[in-house]
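Chemist: Residues in the sequence shown are numbered from 3 upward in steps of one, following my numbering.
C-beta: ideal position from N, C-alpha, C; glycine also.
Bear in mind the structure is a predicted one, so any value in this text is a computation, not a measurement.
I'd like to ask some things about the structure below.
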Amino acid sequence: RDWQKRAIDSWSRSHRGIVIAATGTGKTRVGLEAARIALSQDVKVFVVVPTIALLDQWRQRLRIEKLADPRTTGFLGGGSDGFRPEHALVVGVLDSARQHGDSLVAMWRSKGNRVLAIFDECHRLSSAESYKLLTSEFEWSLGLTATTTTPNGSFEDLILHCIGDVVFEYPLKEA
3 RDWQKRAIDS
13 WSRSHRGIVI
23 AATGTGKTRV
33 GLEAARIALS
43 QDVKVFVVVP
53 TIALLDQWRQ
63 RLRIEKLADP
73 RTTGFLGGGS
83 DGFRPEHALV
93 VGVLDSARQH
103 GDSLVAMWRS
113 KGNRVLAIFD
123 ECHRLSSAES
133 YKLLTSEFEW
143 SLGLTATTTT
153 PNGSFEDLIL
163 HCIGDVVFEY
173 PLKEA
């Protein structure tokens with residue numbers, strides 16, 4: 003869709019930032035395109051999702067988009083196998099990402115790789131437990147969300163600071 007192309011173009015200028023788009027408009031597709039761009043430049047991709055349902059959605063979409071080769075794609079949480087050194091893309095449920103994200107990123111960085119972190123529903127990362135994950139200093143970052151409302155009002159202080167500025171908005175009225 004045109005809005006998704008514009009969102010990717012805006013994000014691609016710095017490879018950092020947040021895309022705000024109404025629920026059901028296709029934010030996952032934006033994330034998939036960012037992942038495709040990163041992988042084409044030998045940048046490893048760590049996707050963080052808040053629920054097992056979203057992990058399953060990403061798994062399905064990665065397969066459809068032909069980005070999910072079992073040899074190069076790993077999953078954390080929901081009974082998944084985790085990650086291995088040969089994985090170039092890993093999708094993790096938030097709780098598992100908090101536990102194992104440091105190890106994953108350290109493994110990639112020890113091999114000289116850059117990392118793109120995609121935070122799906124990034125407004126859910128406002129807790130103290132998510133702080134370490136958000137402040138991991140990823141070279142590239144993309145936040146996807148439908149809202150800037152967080153339970154503790156920390157969207158600007160924490161999420162914008164760590165992921166980057168809002169680079170594109172696609173509100174419900176426009177959708």
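1) Suppose you measure from the CA of A149 to the CA of L106; what does that come to, to the nearest Å?
2) With 16 other CB atoms within 10 Å as the buried threshold, where does Q62 fall?
3) Are three or more beta carbon pairs between the stretch 45-56 and the stretch 3-12 nearer than 8 angstroms?
4) State yes or no: is the C-beta of A37 within less than 9 angstroms of the C-beta of I120?
5) With C-beta atoms as the reference, is L146 less than 9 angstroms away from A90?
6) What span of residues does the alpha helix (DSSP H) with K134 cover, start to end?
7) What's the C-alpha gap between G103 and V32?
8) What is the DSSP secondary structure of G33, reduced to helix, strand or coil?
9) With distances taken Cα to Cα, identify the nearest neighbour of L64 among F85, V93, K46, Q43.
10) Is the beta carbon of V49 sitting closer than 9 angstroms to the one on F170?
11) Note the first and the last residue of the continuous alpha helix (DSSP H) segment covering A99.
Modeler: On the basis of the supplied data:
1) The amino acid at residue 149 is misidentified as Ala; the sequence shows Thr. Rounded to whole angstroms, T149 and L106 show a C-alpha spacing of 28 angstroms.
2) Exposed.
3) As far as the Cβ criterion goes, the stretch 45-56 does not touch the stretch 3-12, which means the pair count is below three.
4) When the beta-carbon positions are compared, A37 and I120 come within less than 9 angstroms of each other.
5) In this structure, A90 does not lie closer than 9 angstroms to L146 by Cβ.
6) In the DSSP assignment, K134 falls within the unbroken alpha helix (DSSP H) covering 130-136.
7) Approximately 22 angstroms, taken between the alpha carbons.
8) In the structure shown, G33 sits in a helix (DSSP, three-state: H, G or I).
9) It is V93.
10) No, the pair does not count as a contact, with Cβ atoms beyond the cut-off.
11) Residues 96-112.
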